[in-house]
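A.B. asks: Respectively, the protein sequence lines represent chains A and B. Going left to right, the first sequence walks through residues 1 to 441 as my numbering numbers them. Going left to right, the second sequence walks through residues 442 to 748 as my numbering numbers them. From the three backbone atoms N, C-alpha and C, an ideal C-beta is built for every residue, glycine too.
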Amino acid sequence: MKSVRRSLVFVLILALAFVSTAKADNHQSQSLTIVWAEWDPANYLQELSKDFTAETGIAVDVIQIPWPNFQDKVFTAFVGKSDLYDIVIGDSQWLGRNSQGQNYINLTDWINENIDVDSIYGPAMTAFAEYPKGSGTYWALPAEVDAAGYVYRKDLFEDPNEMTAFQEKYGYALAPPKTYAQLRDIAEFFTRPDKDLYGIATWYSKEYDGITMGFQQVMWSFGGAYGDADTHKVAGHINTEDSVKALEFYTDLLQFSPPDAPNYYWTETLGAYNAGKVAMAMNYFAFFPGVLNPESNEISHDKSGFFIAPAGPKGHYISIGGQGMSISSYSKNKALAKQYMKWFMQKPVQEKWAALGGFTPHKEVLQSDIFKTATPFNEAFAASFPYLRDFWAVPEYAELLEVCQTNWSEAISKIKSAKEALDAIARKHEEIFEDAGYYDE
Amino acid sequence: MLTNHPHQTSRGMSDYQLKMAFIMPTMILLILMNIFPLLWSLYLSFHRYKASMPAAPRFIGVRNYSRLLADPEIWGYFQTTAYFVILAVAAQFFIGFGLALLLNRDFRYKGFVTTLLLLPMMLSPVVVGLFWRFILSSDNAGLLNFFLSPFLNSPIGWTTHPKVAMLAVVIVDTWMWSPFMMLIALAGLSAVPKFLYEAADVDRASAWFKFRWITLPLVSPLLLIALLFRTMDAFKMFDIVYVLTREGGPGTATETVSMNLYKLAFRNYNTGKACAMAYILLIIIVALSNIYVKYLNRVKGEEAQET
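Here is the structure:
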């Protein structure tokens with residue numbers, strides 16, 4: 001009898017434990033999980049979300065994944081139909097794949113009813129929210145709008161001796177470059193390997209989208225293009241004489257970069273600049289807070305200036321960065337996610353987002369003097385906006401990107417000539433489009 | 442009621458049932474985790490299918506295989522892999538066997554030295570790749586270039602020069618896996634009967650004679666097994682390349698078949714094509730292993746005849 005009683009008590013304790021766990025789970029469902037890459041803006045968003053929690057009682061957890069694994073990890077979760085993430089802040093190129101793959105929910109009706117689309121910077125809405133482009137079908141809201149830009153050493157650029165020497169050698173004043181020809185001159189001028197100083201650090205890495213994001217803006221500005229957006233024909237667009245010149249130019253810049261530059265992605269570029277190894281460095285503006293931080297940049301945190309990516313001989317285009325905020329189809333908290341996104345797009349929240357360091361997509365906030373003067377690089381960032389362009393945003397983008405990464409990396413390593421690399425990209429891209437049925441009609 | 446039947450247990454279970462009860466969990470696990478995925482991936486290799494898209498697999502015959510086999514870049518990845526396997530396994534064989542010969546004698550701190558030499562193979566390949574990334578950094582900040590700088594005009598592009606990068610991967614893999622070769626060879630060496638050497642000494646045999654006609658024949662079956670393991674493993678090289686040379690760079694200089702397979706399967710989610718590629722790789726590894734196994738059997742046969 002005693003043992004029966006003991007058993008009953010044990011069962012009762014187990015039942016209580018189960019109920020309390022279930023209750024705890026139920027309580028935890030009032031929380032949102034946002035996944036983003038590991039960088040400063042994700043920290044700002046975690047900070048900003050405290051206000052949302054204070055207003056609604058809904059906890060927000062911003063999970064950060066290192067950049068090189070960001071795509072792989074999120075896409076693997078999608079394949080497994082995991083409800084791990086409620087909101088995904090993903091790259092603009094992801095839109096096609098995740099909308100057609102039914103990993104993002106269609107937000108068109110909800111956005112039209114709940115969000116003042118006119119308050120959002122138009123090109124950002126197109127780049128980060130709309131697929132297919134121009135269709136008015138939305139899968140996201142712009143969260144962080146970014147652009148590739150440059151940081152430079154003001155102490156070197158404004159040194160009277162350097163200025164005189166540069167003027168004598170090149171016949172014009174030393175100043176932040178406005179064209180790629182000037183960028184090359186300045187990079188060459190500051191390259192002094194004996195002093196471990198080089199002209200430029202830019203992206204050449206084969207990791208993720210490194211060399212593509214670094215080179216594509218040069219290609220566009222030299223007159224090249226990825227292809228025809230309507231017919232998806234690539235040959236005759238990407239492998240033109242203009243693109244060849246652009247790739248040869250980008251390869252040529254390597255001689256003015258540190259010896260390890262073929263491996264440079266955003267971390268290495270910033271590292272080289274902060275170590276005082278280069279006079280100029282290219283990166284996305286969202287990474288530049290690290291340049292101004294005396295802890296990470298002892299040498300030039302107070303001597304750094306910023307400029308927008310230069311123009312080329314046939315145009316002025318800049319790689320778009322940043323991400324859109326989408327809701328995972330597998331989330332169990334879709335209503336909460338919509339509530340959060342509606343809250344996020346309010347003007348006062350966007351003002352605070354900008355004040356924390358986030359690059360707001362809100363038109364008025366973006367154009368305000370408060371935003372432009374908030375950091376030393378915000379003005380250059382705002383000036384970059386009219387020139388932004390993006391990679392293919394079709395569902396096959398990852399395959400297209402992979403082909404570019406490999407071939408451009410081969411070109412800068414002199415495994416292939418620029419022409420051979422571009423011809424290979426044209427052939428492979430058309431093969432991918434053909435397989436996907438773009439040429440069926 | 443107890444039964445006198447010799448194959449019947451007290452609870453009425455026959456020997457056969459008991460055997461099956463023990464075997465079935467393993468069989469079920471094997472079928473679910475190995476056999477089914479193997480067959481399912483074979484099925485997918487004949488289909489156009491992307492795991493990331495909702496569309497069902499569409500049968501396309503042998504198109505995935507023909508596309509892969511007709512692609513010169515894929516053959517380039519196979520060549521890169523073969524180049525790596527030959528260099529790395531050969532280096533590991535000679536270094537590992539050499540170290541085993543050195544350790545196959547009594548000296549002070551022998552146990553400690555052996556343990557130290559075994560440490561690299563106990564580390565995670567990703568960790569190894571990461572710290573060698575710093576050692577082999579292509580500027581003067583790289584540890585190796587720093588030490589070599591008095592003898593060089595410019596730093597060596599260990600991971601940035603297409604002709605040097607493969608050497609860097611071979612160095613790292615050799616550093617990590619020579620101890621494995623050493624361990625197996627050491628086991629073989631310590632099993633060689635001492636009296637054979639004593640008899641050879643009586644006959645005034647040279648050191649080379651003893652090595653060629655006593656040591657090598659007796660150790661070779663174990664060495665062949667070690668070579669088999671290392672070849673199969675080297676053929677699958679992925680982690681060190683992923684970390685050290687940033688996904689097989691510069692260009693495609695160190696892009697192995699496994700690296701490319703990973704991109705096909707988990708970056709592009711070209712699942713059908715990736716399955717076809719995996720099968721091509723599987724067939725090559727099985728064929729290579731068979732060559733080793735046949736040679737191993739021949740060596741064993743010769744040994745049996747001699748005894």
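#1: Buried or exposed for Asp260 (chain A), please, with buried defined as at least 16 other CB atoms from any protein chain shown within 10 angstroms of its CB.
#2: How long is the line joining the alpha carbons of Pro66 (chain A) and Leu668 (chain B), rounded to whole angstroms?
#3: Which residue's Cα is closest to the Cα of Thr53 (chain A): A:Met213, A:Thr33, A:Ala436 and A:Asn106?
#4: With 8 Å set as the bound, which would you pick, yes or no: does the beta-carbon of Ile105 (chain A) sit closer than that to a beta-carbon of chain B?
#5: Whose Cβ in chain A lies nearer than 7 Å to the Cβ of Gly570 (chain B)?
#6: The beta strand (DSSP E) that contains Asp91 (chain A), what's its start and end?
#7: Near Phe538 (chain B), what residues of its chain come up, given a Cβ to Cβ distance below 6 Å and the 5 sequence neighbours on each side ignored?
#8: Starting from Ala143 (chain A), trace the beta strand (DSSP E) in both directions and tell me its first and last residue.
#9: Give the single residue among A:Ala37, A:Gln217 and A:Ala225 whose Cα lies nearest to the Cα of Ile320 (chain A).
#10: Just the C-alpha distance for Ala426 (chain A) and Thr360 (chain A), rounded to the nearest angstrom, thanks.
#11: Report the option in B:Asp456, B:Ser647 and B:Asp674 whose CA atom is closest to the CA atom of Ala523 (chain B).
#12: Assess contact between the region 304 to 319 of chain A and the region 373 to 384 of chain A, defined as three or more Cβ pairs (one per stretch) separated by less than 8 Å. Is contact present?
#13: Could you list which residues in chain A have their beta carbon closer than 9 Å to that of Lys460 (chain B), in chain order?
#14: Answer with buried or exposed for Met622 (chain B), where buried requires no fewer than 16 other C-beta atoms within 10 angstroms of its C-beta.
#15: Can you give the Cα-Cα distance for Thr444 (chain B) and Ser493 (chain B), rounded to whole angstroms?
#16: Are the CB atoms of Lys347 (chain A) and Val365 (chain A) nearer to each other than 8 Å?
#17: From the DSSP output, in three-state form, read off Ile501 (chain B) for me.
#18: Apart from the five residues on each side of it in sequence, which residues of its chain come closer than 7 Å, Cβ to Cβ, to Glu410 (chain A)?
#19: Taking all protein chains shown into account, do 16 or more other C-beta atoms lie within 10 angstroms of the C-beta of Gln367 (chain A), making it buried, or fewer, making it exposed?
#20: Could you check what DSSP says for Ala411 (chain A) in three-state terms: helix, strand or coil?
#21: In this structure, how does DSSP classify Ser49 (chain A) when only helix, strand and coil are distinguished?
#22: From the DSSP secondary-structure annotation, give me the bridge partner or partners of Tyr138 (chain A).
#23: Who pairs with His362 (chain A) in a beta bridge, going by DSSP?
#24: Taking Tyr180 (chain A) and Leu254 (chain A) to be in contact with their CB atoms under 8 Å, please state how far apart those CB atoms are, rounded to whole angstroms.
#25: What is the DSSP secondary structure of Thr191 (chain A), counted as helix, strand or coil?
#26: Is any beta-carbon of chain A found at less than 8 Å from that of Tyr518 (chain B)?
#27: Using only the alpha-carbon positions, how far apart do Thr555 (chain B) and Ala609 (chain B) sit?
#28: Is Tyr330 (chain A) closer than 8 Å to Lys81 (chain A) when the C-beta atoms are compared?
#29: Rounding to the nearest angstrom, what Cα-Cα distance links Arg708 (chain B) and Met325 (chain A) in this structure?
#30: Buried or exposed, going by whether 16 or more other CB atoms sit within 10 Å of the CB of Thr406 (chain A)?
#31: Between the alpha carbons of Arg739 (chain B) and Ile515 (chain B), how many angstroms are there, rounded?
#32: Could you name the residues of the same chain whose beta carbon sits closer than 6 Å to that of Met219 (chain A), not counting the 5 residues immediately before and after it, in chain order?
#33: Given that a residue counts as buried once 16 or more other Cβ atoms are within 10 Å of its Cβ, and exposed if not, what is Pro620 (chain B)?
#34: State whether the region 494 to 503 of chain B contacts the region 574 to 581 of chain B, with contact taken as three or more CB pairs (one from each stretch) at a distance under 8 Å.
#35: Pro596 (chain B) and Ser413 (chain A): beta carbons closer than 8 Å?
#36: Are the beta-carbon atoms of Ile89 (chain A) and Trp36 (chain A) separated by less than 8 Å?
C.D. replies: Taking the definition as stated:
#1: buried
#2: About 37 Å.
#3: A:Thr33 is the residue among A:Met213, A:Thr33, A:Ala436 and A:Asn106 whose C-alpha sits nearest the C-alpha of Thr53 (chain A).
#4: Not one beta carbon of chain B lies nearer than 8 Å to the beta carbon of Ile105 (chain A).
#5: Per Cβ cutoff of 7 Å: no residues; Gly570 (chain B) is ~13 Å from chain A at best.
#6: Per DSSP, Asp91 (chain A) belongs to the beta strand (DSSP E) from Ile87 to Asp91.
#7: Ala626
#8: Leu141 to Arg153
#9: Ile320 (chain A) has its Cα closest to that of A:Gln217, out of A:Ala37, A:Gln217 and A:Ala225.
#10: Rounded to the nearest angstrom, the two C-alpha atoms are 36 Å apart.
#11: B:Asp674
#12: yes
#13: In chain order: nothing, as chain A lies at least about 36 Å away.
#14: By the C-beta density criterion, Met622 (chain B) is buried, having at least 16 other C-beta atoms within 10 angstroms.
#15: Residue placement at Thr444 (chain B) cannot be trusted, given a pLDDT of 46 that sits under 50; what the coordinates show is reported in the next sentence. Each residue's alpha carbon lies about 59 Å from the other.
#16: yes
#17: coil
#18: Once the five neighbours on either side are set aside, the close Cβ partners of Glu410 (chain A) are Lys416 and Ala421.
#19: exposed
#20: Assignment of Ala411 (chain A) by DSSP, reduced to helix, strand and coil, places it in the helix class.
#21: Residue state, collapsed to three classes: helix.
#22: A:Glu130
#23: A:Ile120
#24: Actually they are not in contact, since the Cβ atoms of Tyr180 (chain A) and Leu254 (chain A) sit about 14 Å apart, beyond 8 Å.
#25: coil
#26: no
#27: 25 Å
#28: The answer is yes: Cβ separation under 8 Å.
#29: 21 Å
#30: buried
#31: 34 Å
#32: Ser243 and Ala246
#33: buried
#34: Short answer: they don't touch.
#35: no
#36: Cβ distance < 8 Å, so Ile89 (chain A) and Trp36 (chain A) count as in contact.
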